[in-house]
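The sequence shown begins at 2 in our numbering and counts up one residue at a time.
All C-beta atoms in this analysis are idealised placements derived from N, C-alpha and C, irrespective of residue type, glycine included.
Computed from a predicted structure; not experimentally measured.
This report refers to the structure that appears directly beneath it.
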Amino acid sequence: MPTYQYRCTHCGTDLEVVQKFTDDALSVCPECEGSLRKVFSAVGVVFKGSGFYKTDNRSSSKPAAKAAEPAKTEAKPAAKVEAKSA
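Here it is in structure tokens:
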């Protein structure tokens, strides 16, 4: 279950409450009966694995690398050597 942060607009009291997603947001401060507002803060994000850039951000316009094809070489006939007899 997520932890929500609230701050009282009247007395400035900060609260952290564990609530279900389906629970209603708190609206009354337990200290002074003032109104509460949700506080949004930064969260830590950790990327694991090969990374989203390599897997999700590739351009599809580049042609795929082709498998190496064997080089085509033409066989040349061996030069004939004629021996001259004297």
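Counting C-beta atoms within 10 angstroms of its own C-beta, Cys33 has fewer than 16 neighbours from the protein chains shown and is therefore classed as exposed. Taking a cut-off of 8 Å on C-beta distances, the segment 12 to 21 does not touch the segment 43 to 51, as fewer than three cross pairs fall below it. By the neighbour-count definition (other C-beta atoms within 10 Å, threshold 16), Cys12 is an exposed residue. When the beta-carbon positions are compared, Cys9 and Gly50 stay at least 8 Å from each other.
According to the DSSP assignment, Asp25 belongs to no beta strand (DSSP E), since it is labelled neither H nor E.
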